[in-house]
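Colleague: In UniProt numbering, the protein residues as written are 12 to 878.
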Ligand code: B3K
Ligand code: ZN
């Protein structure tokens, strides 16, 4: 496959007025008839190029009702070229597909007894020959014909039209989508599904029919998704003034899905993982993810569907913006402070390594071989940070004006990241020229903050740099908003006059860092004031500061900004742990650390969910990122040792707090109850290390009346050498074997085990009766969890972890290239490890490359990973 470049973009030569699609679905094949009205643009040549794919047969090709003669078109595996077409014509294409054989889960496929589609990014070309690109928008009229009994439910985009009986045990349904859309937003579902129905009345009084379709046995797990959908609809009206625009909003949950969900116009298709939730089967985190993804797909209706992307290089235009919107939504629905920590943790754990490794690319990439490989955490999560920075720089009011202007200008169009930045610029009057570098430069910038004093003035000097990334040697300085505060000696906020580019807002000062080296003078600052830098993680950077341990301990307790409180605590713990690792020290943790820990333990004024985070040691992956060269075993040991020291030193307080958090009246999903569970389960980690640890953990497991508590205990048991371990794992499996999503957790909890036998256990689990290479959730729960989250076992010194992953990539690639490609990244991190690991990782990558028939998806990433 050839590399596609942003600089080669050309507008389409034809517009399409409408498309009529007829799907004739049969048990073992599907026939698709497509009739589209094409109109040539002025000055375009008369040749027509249509995208296609190798998995369908072309049964008929017509122009204005007459067959196109064989010598008038050329068909290769991926393109259908018509030599010369009229200025205006109806193109008729009939194709035959085999949905049951489609294990790639792209285009039209069969999952759990139902037909469904996935067209983003380039799946529509596997349904019919068509200009399958996001800047060709047209109106869809769809008719589905299928067996009445096996497919009672027939769905497509837009509003429902006619339906009826066809005789012979077959029936049909028609759907009309009045909003022009690109082909990637097309969707179809046909099958036997149960439905939860509700309705929503929009601000302007439009009544919308809401449906969630799932398989019969899951009907009792849709409530939360439905409530989340209604909350999303209300939130978008309130915060952005955006209303829903069709009579019906359908969501279908399918169990075989390559990613989380898909925002098809009026017919979202979801991974069951992000729809189904009940307290018995889903953790609090799962509930939050359901709400976040339901919101995300709903918000796409405006940011993605009404305004779509001109080309796939602009993917972050819809994804970064929509992630920002779903994060804001979840913040408003839950706790803003804790949501921010969760988001920053994800960014650091997934995006920072991507940005520092061989697969680094800008938020707006400039080239790709397989576009599916660019649905990355950089495009999504860093993309969201870019939007958040604009929000900080121009302020919330101007941001809202900018959004309004963006929709006013581009509703119904395929737009670019540049269009978005221009709207924000025009609405605010701010100059965002330099800011745009966030779209084009890859890599995580480093910011160094140093202090000096002149009289009573405090001068903070910020310096920025960004290491080279593939294809980008030298980086220009970014424009970044750094939110900082001054915490006075007795803990109060100090507001001091600023000399330099910035402004005060609600007790914090947002300064604009634009130069490589730039100073900010705060006038007349009381002695003993400590600067709190990068509040709210206002820019996605690595911060290096000159705060002492005592100052960190001070901020950990006193700062009004929850992010800095957490970050200072983490910094303090990490400093000590990194030193332990590099010196292989056995030393007892200093009094200051214990003081901070017990201080948090006694903190009754703070949200327990945040206290839980303050009491959590930095993860092994986060610690690894603080080291030049990764020492996974030593990181693991140092962290365990510190946890044990905390548990020993504060055992009474830990147990007291643990007891006091016991829910008075059974399970509740209220914020307060969730927060208490979070804290209680963090404390359980420490209790498990105490002399009665096994007993308490086992009791917690046995008494759990919800999946959050159950998994917290099970995860500790899975790490442990407790006698009960095998028995508990077996019981859990026996209890839940009918529930795929819960069994995914069972695989994941074993894949994450820190026990030294984990690699061989994980390998064994691929032979388990419940394991299948065909289901992406199952693959992710075992293979991705192991390779991405279990640092110490994946990086086993003998290279077994790497070899296992390489074998899995090859196995999965035979069935599902997109999902196989998503497994590659951990093997590319060889720059971070020493020999012999480095050699083993490269060998593993090479072994994948040697395979014949490797997909373009996997090949692109493996080749880049080796470069
Ligand atoms: N837009 C889809 C992702 C499609 C991925 C295609 N490989 C889901 C989302 O971001 O909402
Ligand atoms: Zn999205």
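Where is the CB? At the ideal position from N, CA and C, for every residue including glycine. Owing to the predicted nature of the structure, the values given are computational and were not obtained by experimental measurement.
Is it the case that the Cβ atoms of residue 341 and residue 150 are separated by a distance below 7 Å?
Modeller: Residue 341 sits at position 330 when you count from the first residue of the chain shown. Residue 150 sits at position 139 when you count from the first residue of the chain shown. No, these two residues do not count as a Cβ contact at 7 Å.
Colleague: For residue 631, which residues of its own chain have a beta-carbon under 8 Å away from its beta-carbon, when the five flanking residues on both sides are left out?
Modeller: Your numbering for residue 631 matches position 620 in the chain shown. 643, 646, 647, 650, 802, 803.
Colleague: On the DSSP letters alone, give me the boundaries of the beta strand (DSSP E) that residue 382 sits inside.
Modeller: Your numbering for residue 382 matches position 371 in the chain shown. That residue, residue 382, is in no beta strand (DSSP E); it is neither H nor E in DSSP.
Colleague: Report, in whole angstroms, the separation of the C-beta atoms of residue 588 and residue 634, which I expect to be a contact under 8 Å.
Modeller: Start at 1 with the first residue of the chain shown, and residue 588 comes out as number 577. Start at 1 with the first residue of the chain shown, and residue 634 comes out as number 623. Correct: roughly 6 Å between the Cβ atoms.
Colleague: Can you list, in chain order, the stretches of the alpha helix (DSSP H) that have 4 or more residues and sit fully within the region 592–633?
Modeller: If we require 4 residues or more, the alpha helix (DSSP H) runs fully inside the region 592–633 come out as 602–612, 619–625.
Colleague: Under the criterion of a Cβ to heavy atom distance below 6 Å, does residue 333 qualify as lining ligand 2?
Modeller: Within the chain shown, the letter at position 322 stands for residue 333. Flag set: Cβ of residue 333 near ligand 2.
Colleague: Indicate the three-state DSSP secondary structure (helix, strand or coil) for residue 438 in the structure shown.
Modeller: Taking the first residue of the chain shown as position 1, residue 438 is located at position 427. Here residue 438 sits in helix by DSSP.
Colleague: Assuming the contact rule is C-beta atoms closer than 8 Å, residue 497 and residue 507 should be a hit. Round their C-beta distance to whole Å, please.
Modeller: The residue you call residue 497 lines up with position 486 of the chain shown. The residue you call residue 507 lines up with position 496 of the chain shown. Confirmed, about 6 Å.
Colleague: Do residue 276 and residue 192 have their C-beta atoms closer together than 7 Å?
Modeller: Taking the first residue of the chain shown as position 1, residue 276 is located at position 265. Taking the first residue of the chain shown as position 1, residue 192 is located at position 181. In contact: residue 276 and residue 192 (Cβ atoms closer than 7 Å).
Colleague: Taking a contact to mean a Cβ-Cβ separation below 7 Å, would you say residue 435 touches residue 466 in this structure?
Modeller: Within the chain shown, residue 435 is the residue found at index 424, counting from 1. Within the chain shown, residue 466 is the residue found at index 455, counting from 1. In this structure, residue 466 does not lie closer than 7 Å to residue 435 by Cβ.
Colleague: Which residue spans inside the region 196–232 form an unbroken beta strand (DSSP E) run of at least 3?
Modeller: Fully enclosed beta strand (DSSP E) runs of 3 or longer: 199–202, 205–212, 218–225.
Colleague: Output the distance between the C-alpha atoms of residue 411 and residue 343, rounded to the nearest integer angstrom.
Modeller: Position 400 of the chain shown, counting from 1, holds the residue named residue 411. Position 332 of the chain shown, counting from 1, holds the residue named residue 343. Whole-angstrom Cα-Cα distance: 16 Å.
Colleague: Residue 784 by DSSP, collapsed to three states: which one?
Modeller: Here residue 784 corresponds to residue number 773 of the chain shown, with the count starting at 1. Three-state result, residue 784: coil.
Colleague: DSSP state of residue 38, grouped into three classes?
Modeller: Reading the chain shown from its first residue, position 27 is the one you call residue 38. Residue 38 falls in the coil class under three-state DSSP.
Colleague: Cβ atoms of residue 146 and residue 425: under 7 Å apart, would you say?
Modeller: To locate residue 425, count along the chain shown from 1; it is residue 414. To locate residue 146, count along the chain shown from 1; it is residue 135. Against a cut-off of 7 Å, the Cβ pair of residue 146 and residue 425 comes out as a contact.
Colleague: Can you look up residue 77 in the DSSP assignment and give me helix, strand or coil?
Modeller: Stepping through the chain shown from its first residue, residue 77 is reached at position 66. Here residue 77 sits in strand by DSSP.
Colleague: According to DSSP, residue 127 sits in a beta bridge with which residue or residues?
Modeller: The residue given as residue 127 occupies position 116 in the chain shown. Paired residues: 120, 200.
Colleague: Compute the beta-carbon to beta-carbon distance between residue 837 and residue 810, rounded to the nearest angstrom, for a pair I have assumed lies under 8 Å.
Modeller: As a first step, residue 837 must be located in the chain shown, where it is residue number 826. As a first step, residue 810 must be located in the chain shown, where it is residue number 799. Residue 837 to residue 810, Cβ: 13 Å. No contact.
Colleague: Hey, residue 294 and residue 719: beta-carbon distance below 7 Å or not?
Modeller: Position 283 of the chain shown, counting from 1, holds the residue named residue 294. Position 708 of the chain shown, counting from 1, holds the residue named residue 719. It is a contact, given that the beta carbons lie within the stated cut-off.
Colleague: Report the residue ranges of all alpha helix (DSSP H) runs contained in full by the region 557–595; include only those spanning at least 4 residues, in chain order.
Modeller: Taking only runs of at least 4 residues, the alpha helix (DSSP H) segments lying wholly in the region 557–595 are 560–569, 573–594.
Colleague: With three or more beta-carbon pairs closer than 8 Å as the criterion, would you say the region 257–274 touches the region 218–235?
Modeller: Because the criterion of three Cβ pairs below 8 Å is met, the region 257–274 and the region 218–235 touch.
Colleague: Find out if the Cβ-Cβ distance for the pair residue 855, residue 384 is shorter than 7 Å.
Modeller: Locating residue 855 in the chain shown gives position 844, counting from the first residue. Locating residue 384 in the chain shown gives position 373, counting from the first residue. It is not a contact, given that the beta carbons lie outside the stated cut-off.
Colleague: Taking 6 Å as the line, does the beta carbon of residue 133 fall inside it for any heavy atom of ligand 1?
Modeller: Numbered from its first residue, the chain shown carries residue 133 at position 122. Outside the cutoff, so no.
Colleague: Helix, strand or coil: how does DSSP classify residue 428 here?
Modeller: By 1-based counting over the chain shown, the position of residue 428 is 417. Correct three-state label for residue 428: helix.
Colleague: Would you identify the three-state DSSP class for residue 493, choosing helix, strand or coil?
Modeller: What you label residue 493 is simply residue 482 of the chain shown in a count that begins at 1. If DSSP states are grouped into helix, strand and coil, residue 493 belongs with the strands.
Colleague: Give the range of the beta strand (DSSP E) segment to which residue 185 is assigned.
Modeller: Translated into positions along the chain shown, residue 185 becomes position 174. Segment 181–192, the beta strand (DSSP E) holding residue 185.
Colleague: Decide if the region 304–311 is in contact with the region 327–341; the criterion is three or more beta carbon pairs, one per stretch, under 8 Å apart.
Modeller: In short, these stretches touch, since the Cβ pair count reaches three.
Colleague: Considering only C-alpha positions, which residue in the set 672, 550, 152 is nearest to residue 490?
Modeller: Reading the chain shown from its first residue, position 479 is the one you call residue 490. Selected option, being the one with the closest Cα: 550.
Colleague: Is it the case that the CB of residue 330 approaches a heavy atom of ligand 2 more closely than 6 Å?
Modeller: Translated into the one-based positions of the chain shown, residue 330 becomes position 319. Under cutoff, so the answer is yes.
Colleague: Go through its chain and collect everything with a Cβ distance to residue 202's Cβ below 7 Å, but skip five positions before and after it.
Modeller: The residue labelled residue 202 in the question sits at position 191 within the chain shown. If we look at residue 202 and ignore the five residues flanking it on each side, its Cβ neighbours are 124, 125, 126, 162, 164.
Colleague: Any idea which residues DSSP pairs residue 315 with across the strands?
Modeller: As a first step, residue 315 must be located in the chain shown, where it is residue number 304. Per DSSP, none; premise fails for residue 315.
Colleague: Quick one: is the Cβ of residue 339 within less than 6 Å of any heavy atom of ligand 1?
Modeller: Counted from its first residue, the chain shown places residue 339 at position 328. Not under cutoff, so the answer is no.
Colleague: Can you tell me which of 799, 82, 826, 373 puts its alpha carbon nearest to the alpha carbon of residue 783?
Modeller: By 1-based counting over the chain shown, the position of residue 783 is 772. The residue with the shortest Cα to Cα distance from residue 783 is 826.
Colleague: Within a Cβ cutoff of 7 Å, which residues of the same chain sit near residue 628, ignoring the five residues on either side of it in sequence?
Modeller: Against the chain shown, residue 628 aligns to sequence position 617. The residues are 584, 650, 653, 654.
Colleague: In angstroms, rounded to a whole number, what distance separates the CA positions of residue 32 and residue 268?
Modeller: The residue you call residue 32 lines up with position 21 of the chain shown. The residue you call residue 268 lines up with position 257 of the chain shown. Rounded to whole angstroms, residue 32 to residue 268 spans 24 Å at the Cα level.
Colleague: Let me check you understand the geometry: is the CB of residue 386 closer than 6 Å to at least one non-hydrogen atom of ligand 1?
Modeller: Taking the chain shown and counting its residues from 1, one reaches residue 386 at position 375. For ligand 1, at least one heavy atom lies less than 6 Å from the Cβ of residue 386.
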